[in-house]
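Shown next, in structure tokens, is the structure this report addresses.
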């Protein structure tokens, strides 16, 4: 039962991180001077390129996570998607 619960949690994290990343693209995130991802490897940042987001980070296992938008990405989202 514990293994099944962990498998569901990991799969949920993978799906959530992937969907968040792809929706970020559709909203224009990380389009900086022709780049479509954050620059470099920034642990936990949702909009980093796939080569900088290993399975452990996407699945949020082995002490990884939670995934977050970078400060610049978050600021951009707050501008285009106002709460009020």
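Residue numbers (our numbering): 14 to 97. A virtual CB, placed ideally from N, CA and C, is assigned to each residue, including glycine.
With a threshold of 16 other CB atoms inside 10 Å of the CB of residue i, please say whether the residue is buried or exposed.
{"i": "residue 61", "result": "buried"}
{"i": "residue 18", "result": "exposed"}
{"i": "residue 98", "result": "Outside the modelled stretch of the chain, which goes from 14 to 97, sits residue 98, for which no answer is possible."}
{"i": "residue 22", "result": "exposed"}
{"i": "residue 66", "result": "buried"}
{"i": "residue 20", "result": "exposed"}
{"i": "residue 43", "result": "buried"}
{"i": "residue 37", "result": "buried"}
Once DSSP output is grouped into helix, strand and coil, what is the label at residue i?
{"i": "residue 19", "result": "helix"}
{"i": "residue 28", "result": "helix"}
{"i": "residue 93", "result": "helix"}
Going by DSSP, name the residue or residues bridged to residue i.
{"i": "residue 51", "result": "61"}
{"i": "residue 36", "result": "The partner list for residue 36 (beta bridge, DSSP) is empty, contrary to what the question assumes."}
{"i": "residue 45", "result": "48"}
Between residue i and the rest of its own chain, which residues show a CB-CB distance below 8 Å, the 5 nearest in sequence each way excluded?
{"i": "residue 79", "result": "57, 73"}
Thinking C-beta only, is residue j closer than 8 Å to residue i?
{"i": "residue 71", "j": "residue 30", "result": "yes"}
Could you name the residues of the same chain whose beta carbon sits closer than 6 Å to that of residue i, not counting the 5 residues immediately before and after it, in chain order?
{"i": "residue 83", "result": "51, 58"}
{"i": "residue 69", "result": "75, 77"}
{"i": "residue 94", "result": "none"}
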